[in-house]
Structures are given as C-alpha cells and as structure tokens.
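Number of protein chains: 2
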Amino acid sequence: MDQNTDDVRRKRPPERDLDAMDRKLLGVLVEDATTSYAELGERVGLSPPAAHERVKRLRRSGAIRRVAALIDPEAVGKTLLAFVHVDTTGWGKTQALLAIEEYPEVEEIHSVAGDTCMLLKVRTESTHALEGLLARLYDTPGVKATRSYVVLSTYLERPVQPGTTSEWPAVVKS
Amino acid sequence: MDQNTDDVRRKRPPERDLDAMDRKLLGVLVEDATTSYAELGERVGLSPPAAHERVKRLRRSGAIRRVAALIDPEAVGKTLLAFVHVDTTGWGKTQALLAIEEYPEVEEIHSVAGDTCMLLKVRTESTHALEGLLARLYDTPGVKATRSYVVLSTYLERPVQPGTTSEWPAVVKS
DNA sequence: CTTGCTACCGAATTTCATTCTGCAAATATG
DNA sequence: CATATTTGCAGAATGAAATTCGGTAGCAAG
Numbered sequence: 324m325d326q327n328t329d330d331v332r333r334k335r336p337p338e339r340d341l342d343a344m345d346r347k348l349l350g351v352l353v354e355d356a357t358t359s360y361a362e363l364g365e366r367v368g369l370s371p372p373a374a375h376e377r378v379k380r381l382r383r384s385g386a387i388r389r390v391a392a393l394i395d396p397e398a399v400g401k402t403l404l405a406f407v408h409v410d411t412t413g414w415g416k417t418q419a420l421l422a423i424e425e426y427p428e429v430e431e432i433h434s435v436a437g438d439t440c441m442l443l444k445v446r447t448e449s450t451h452a453l454e455g456l457l458a459r460l461y462d463t464p465g466v467k468a469t470r471s472y473v474v475l476s477t478y479l480e481r482p483v484q485p486g487t488t489s490e491w492p493a494v495v496k497s
Numbered sequence: 324m325d326q327n328t329d330d331v332r333r334k335r336p337p338e339r340d341l342d343a344m345d346r347k348l349l350g351v352l353v354e355d356a357t358t359s360y361a362e363l364g365e366r367v368g369l370s371p372p373a374a375h376e377r378v379k380r381l382r383r384s385g386a387i388r389r390v391a392a393l394i395d396p397e398a399v400g401k402t403l404l405a406f407v408h409v410d411t412t413g414w415g416k417t418q419a420l421l422a423i424e425e426y427p428e429v430e431e432i433h434s435v436a437g438d439t440c441m442l443l444k445v446r447t448e449s450t451h452a453l454e455g456l457l458a459r460l461y462d463t464p465g466v467k468a469t470r471s472y473v474v475l476s477t478y479l480e481r482p483v484q485p486g487t488t489s490e491w492p493a494v495v496k497s
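Here the protein sequences come in this chain order: A and B.
Each residue of the first sequence is one higher than the last, beginning at 324 in my numbering.
Each residue of the second sequence is one higher than the last, beginning at 324 in my numbering.
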C-alpha cells in the first residue's frame, strides 16, 4: 500500500451513522465530558475499552467537534447578553461579515431568512460596551442598520443535544 | 479568632477575582478541555500541579460551569436552526415557560427587552419538525404569537470566551 | 465452509491526574 | 521593623485512569 503517509481517515463524512449506543454516549458526554471510560461504559452497558473505542470514533468522525470548558459569563464579567439583527448591503462572505467575525464580543453570526439579513449573539460587560460594539458595527462598511434585543434573563441555555432514538422515527429508508 | 467549623472557603461566589493567569488557563480550556495539565502548565508558564490547583479552583468557584463535548448538529440530524420570538401573556416563570423548557428542540430561552417577550433558539431536523414545534407552542397556554427567523448559514458559533486582560482596562477601583 | 471484517471483552501497560512535602514571596500581626 | 500567617508554587511520590494488546463471537461475502 503506497498511499500518502498512512493517512487513515480517507473519508471523513461517510463514517457510518450513529446508532442508539452512540447517542447514549453523546448524551452522557454532553452533560459531563470528564466522565471516566469506566463509568461511561457502565452507564451505557459497555466495557471501558469498548466505550473508549466508540468515543474515539465519534471524535474522529467529527460528531464530537471538541471538548470544551463551559465558562460562566458572569465570572468573566460578561454580564450583558444581546441579540443584534443587522441589515447589510450584500449577502454571503461580505466584507462586513469578515470584520464582524473579529469582534471578540460576538459569539454567533448567522444569516437568516426574515425581515433582516444577519443575526448576532453578543456578550459584553455593560450597556456601554454594547454601545461601543454597535458604534463599530455602524462604522463597518456594508452595515445598513441594526436592531437589538437585550436579554433580561436567561432561563435555559444548553449545548447541542444528541436527541433520543424516539425522536427520529421518520428516517428516510432511501 | 473564633473559627466557624473549619469551613475553609466560607463564601463560594466571592472566591477572589480571576487574574491574568486564570484567563490564560480558561482560554486554553475553552478551546480544548482535554489538554493535559503538563501541557496546560507549559502553555501558561506553570508547573502541572500548580495548573491543576488553579483549574480546580476555577471549577469550584463556578467560573468553569462544566466540561462538555460539543456535538456537530449535522451529525445528529439537527440540520435546521431557528430563532423564535414568542409573545406571551405574562412575565417571568410563567406556565408557558415551564412547558417550553421541556421541549427537547429548544436550546435557549431568554426573556428580552424589545418588541417581543421571549426569544428561543431551536434546532430541529427539518422545517416540518419546526412546524411541529410551533404548533406545540401555539397550543401552550400563555403563548400569544410567534415570529421565526430561520437560519440559512452559520458563520460563527463559539462558546463564552474568557476575554483578554486588555479588554478590561477600565476596572472599577472601588 | 472459509475468509475477512467489526465490535466487543479482559488483562497488561503506560500515561497522566492527584496528592504530598517543603519552600519562598506576599500579607498580616505585634 | 521584626515576626507570624497565609498563599501559591515546584518537585517527587502515589494512584487511578487512559490506552494498548491479544483473543473471541457475530456476520457478510466468496
């Protein structure tokens, strides 16, 4: 086998679909990724090495993007959360978008269908800092207008859930 | 000095402010929480036990809420993301809110200031599933109206960042 | 029936998290 | 100013966990 440097993962995406066992593993790891493989295996009915093997595959396949420490925004002074709708002059990878990506207060950037173009999730230390961000936005070429929704309380905020088997009964058989 | 029951850290929240070193540690752990303490220490200029000690404190103090596996939504079939504005009849911990919290598609619930009451971030497998969720919302007591913004592309999506020292020069001296 | 492959288990190995023991600087105390 | 007291850290020792290593059962293809 010549092949370029034993580069194993010749095909990333088609790494087979997730089965119920994978979902269970993801369910545990989403809640607490520090769970030992011993306990992990016990929780889903697998030996530690088997659990490890599957988790390794989930990481390689990209189903698990990464493992991250989730920070309390308050602890780092980010006390203000807001959603900002932005109207721009163009679509796609515009100059405005490239600029906005660099702003550290911005956590999310989506283009949306509706009466606006872009939707930002931003976190700042104060209303004053938010004003500063908005000022920068209006100075950004391509930004026409913005509309902000300041969050008063957050009742729920959780990462992507794996979902249960019962949720996808209508799978396309192809 | 009477000591109240050896209770060391008598107060959880005021566990001292984060210094630059803590920020650096958080910066690394937000990107990859599987980093070993050896490498972690090397990256920030600390011995493995010292790094461990500080991270332990960050966990205890709540600055690190938890460590989680971040899942690729596509991998679990959640191909559709939308933000849903909801107008309700009341405020705060209403009956509607309690019901919505149970919907597995809902990732975030915020109450916001603006021309709406609540803002949801929801992820479903299809437009059809979104319709199902909206139907459930309208059946929920207290829900008056909804307005949805369907996400076409996501350009940026990252967890809470620790921020750099240079970002808070205007700290209140008290 | 044989071969090749996949997913698993139990045991062995190695790596790393965690603990322990001073030590030094900072801070408080007299 | 001198002396306790505390805090944060490094190096070594310990223990637990990740990871590796055969070996086996189930299954599809030849």
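Backbone N, C-alpha and C fix where the C-beta goes; we use that ideal spot for every residue, glycine too.
Here the structure is a predicted model, which means the values were calculated and not measured.
- [ ] Kindly indicate the opening and closing residues of the alpha helix (DSSP H) around A/LYS444.
- [x] Start at 1 with the first residue of the first sequence, and residue 444 of chain A comes out as number 121. No alpha helix (DSSP H) holds A/LYS444; the beta strand (DSSP E) holding it covers 441-447.
Task: Option in B/ALA391, B/LEU352, B/GLU397 and B/GLY400 with minimal Cα separation from B/ARG377 - done: Here residue 377 of chain B refers to the residue found at position 54 when the second sequence is read from its first residue. Looking at the Cα atoms, B/LEU352 is the closest of the given residues.
TODO: Under 8 Å by Cβ, that's how I've got A/LEU381 and A/ASP340 pegged, so tell me the actual separation to the nearest angstrom.
DONE: Position 58 of the first sequence, counted from the first residue, corresponds to residue 381 of chain A. Position 17 of the first sequence, counted from the first residue, corresponds to residue 340 of chain A. About 12 Å separates the two Cβ atoms, so there is no contact after all.
Open item on the list: Just to confirm my understanding: we take B/VAL429, look at its own chain, exclude 5 residues before and 5 after, and list those with CB closer than 7 Å. What are they?
Closed with: By 1-based counting over the second sequence, the position of residue 429 of chain B is 106. The answer, listed in chain order, is ILE423, LEU443 and VAL445.
Task: Proximity of B/THR411 and B/GLY465 at Cβ, strictly below 8 Å - done: Within the second sequence, residue 411 of chain B is the residue found at index 88, counting from 1. Within the second sequence, residue 465 of chain B is the residue found at index 142, counting from 1. In contact: B/THR411 and B/GLY465 (Cβ atoms closer than 8 Å).
Open item on the list: If I follow the unbroken beta strand (DSSP E) through A/ALA468, where does it start and stop?
Closed with: Within the first sequence, residue 468 of chain A is the residue found at index 145, counting from 1. From DSSP, the beta strand (DSSP E) with A/ALA468 extends over 466-480.
Task: Backbone CA spacing between A/LEU420 and A/TRP414 [nearest angstrom] - done: By 1-based counting over the first sequence, the position of residue 420 of chain A is 97. By 1-based counting over the first sequence, the position of residue 414 of chain A is 91. Roughly 9 Å between the two C-alpha positions.
Task: A/GLY455 to A/TYR461 span [Cα, whole Å] - done: Position 132 of the first sequence, counted from the start, is the residue given in the question as residue 455 of chain A. Position 138 of the first sequence, counted from the start, is the residue given in the question as residue 461 of chain A. Each residue's alpha carbon lies about 10 Å from the other.
Open item on the list: At the level of alpha carbons, what is the spacing between B/ASP504 and A/ARG389?
Closed with: The shown model of chain B, from 324 to 497, leaves out residue 504 of chain B, and the question about it has no answer.
Open item on the list: How far does the alpha helix (DSSP H) with B/GLU424 in it extend, from its first residue to its last?
Closed with: What you label residue 424 of chain B is simply residue 101 of the second sequence in a count that begins at 1. Element bounds for B/GLU424: 418-424.
Open item on the list: On the DSSP bridge list, what partners appear for B/ALA405?
Closed with: The count along the second sequence starts at 1 and reaches residue 405 of chain B at position 82. Looking at the DSSP assignment, B/ALA405 forms a beta bridge with B/VAL445 and B/VAL473.
TODO: Take A/THR450 and list the residues in its own chain whose beta-carbon comes closer than 7 Å to its own, dropping the five residues that flank it on each side.
DONE: What you label residue 450 of chain A is simply residue 127 of the first sequence in a count that begins at 1. Hits under 7 Å: LEU403.
Task: Cβ pair B/ILE432, A/TYR472 closer than 8 Å - done: Taking the first residue of the second sequence as 1, we reach residue 432 of chain B at position 109. Taking the first residue of the first sequence as 1, we reach residue 472 of chain A at position 149. No, the pair does not count as a contact, with Cβ atoms beyond the cut-off.
Task: Contact list for the stretch 350-373 of chain A against chain B, Cβ threshold 8 Å - done: LEU352, VAL353, GLU354, ASP355, ALA356 and THR357
Open item on the list: For the alpha helix (DSSP H) containing B/ALA277, name the first residue and the last one.
Closed with: Since the first and last residues shown for chain B are 324 and 497, residue 277 of chain B lies out of range.
- [ ] Could you name the residues of chain A that B/ARG481 contacts, counting a contact when the two beta carbons are closer than 8 Å?
- [x] As a position in the second sequence, residue 481 of chain B is number 158, starting the count at 1. Within chain A, the residues near B/ARG481 are GLU430 and GLU431.
Task: Residues of its chain near B/TYR360, where Cβ-Cβ distance is below 6 Å and the 5 sequence neighbours each way are ignored - done: As a position in the second sequence, residue 360 of chain B is number 37, starting the count at 1. Answer for B/TYR360: PRO371, ALA374 and HIS375, listed in chain order.
Task: Short Cβ contact (8 Å threshold) for B/ALA391 with A/ALA356 - done: In the second sequence, counting from the first residue as 1, residue 391 of chain B sits at position 68. In the first sequence, counting from the first residue as 1, residue 356 of chain A sits at position 33. For B/ALA391 and A/ALA356, yes; Cβs fall inside 8 Å.
Task: Nearest-angstrom Cα separation, counted from A/LEU369 out to A/VAL474 - done: As a position in the first sequence, residue 474 of chain A is number 151, starting the count at 1. As a position in the first sequence, residue 369 of chain A is number 46, starting the count at 1. Straight-line Cα distance between these residues: approximately 43 Å.
Task: Inter-residue CB distance, B/PRO427 and A/GLY385 (contact presumed, cutoff 8 Å) - done: Counting from one through the second sequence, the residue named residue 427 of chain B turns up at place 104. Counting from one through the first sequence, the residue named residue 385 of chain A turns up at place 62. Contact doesn't hold; Cβ gap of about 22 Å is too wide.
TODO: Indicate the three-state DSSP secondary structure (helix, strand or coil) for B/SER434 in the structure shown.
DONE: Mapped onto the second sequence, residue 434 of chain B falls at position 111. It is a strand residue.
- [ ] State the DSSP-derived secondary structure class of B/ASP342, mapped to helix, strand or coil.
- [x] Here residue 342 of chain B refers to the residue found at position 19 when the second sequence is read from its first residue. If DSSP states are grouped into helix, strand and coil, B/ASP342 belongs with coil.
Open item on the list: Is the separation between the beta-carbon of A/VAL483 and that of A/MET441 shorter than 8 Å?
Closed with: Locating residue 483 of chain A in the first sequence gives position 160, counting from the first residue. Locating residue 441 of chain A in the first sequence gives position 118, counting from the first residue. Result no, Cβ atoms of A/VAL483 and A/MET441 do not sit closer than 8 Å.
Open item on the list: For a test of the three-state rule: what should DSSP assign to A/VAL483, helix, strand or coil?
Closed with: The residue given as residue 483 of chain A occupies position 160 in the first sequence. DSSP places A/VAL483 in coil when its eight states are reduced to three.
Task: Residue range of the beta strand (DSSP E) that includes B/ASP391 - done: Working through the second sequence from its first residue, we reach residue 391 of chain B at position 68. Just to set this straight, residue 391 of chain B is Ala in the shown sequence, not Asp. Taken as a continuous stretch (DSSP letters only), the beta strand (DSSP E) holding B/ALA391 covers 387-394.
- [ ] Under 8 Å between beta-carbons, which chain B residues line up against A/ALA386? List them in chain order, please.
- [x] Looking up residue 386 of chain A in the first sequence gives position 63. In chain order: ILE394, ASP395, ALA398 and VAL399.
TODO: Could you tell me which chain A residues have their CB closer than 8 Å to the CB of B/GLU424, listed as they occur along the chain?
DONE: Translated into positions along the second sequence, residue 424 of chain B becomes position 101. Correct list: TYR478 and LEU479.
TODO: Given a cut-off of 8 Å, decide if A/THR469 and A/VAL407 are closer than it, judged by their beta-carbon atoms.
DONE: Residue 407 of chain A sits at position 84 when you count from the first residue of the first sequence. Residue 469 of chain A sits at position 146 when you count from the first residue of the first sequence. In contact: A/VAL407 and A/THR469 (Cβ atoms closer than 8 Å).
- [ ] Please state whether DSSP places B/THR411 in a helix, a strand or coil.
- [x] As a position in the second sequence, residue 411 of chain B is number 88, starting the count at 1. Strand at B/THR411.
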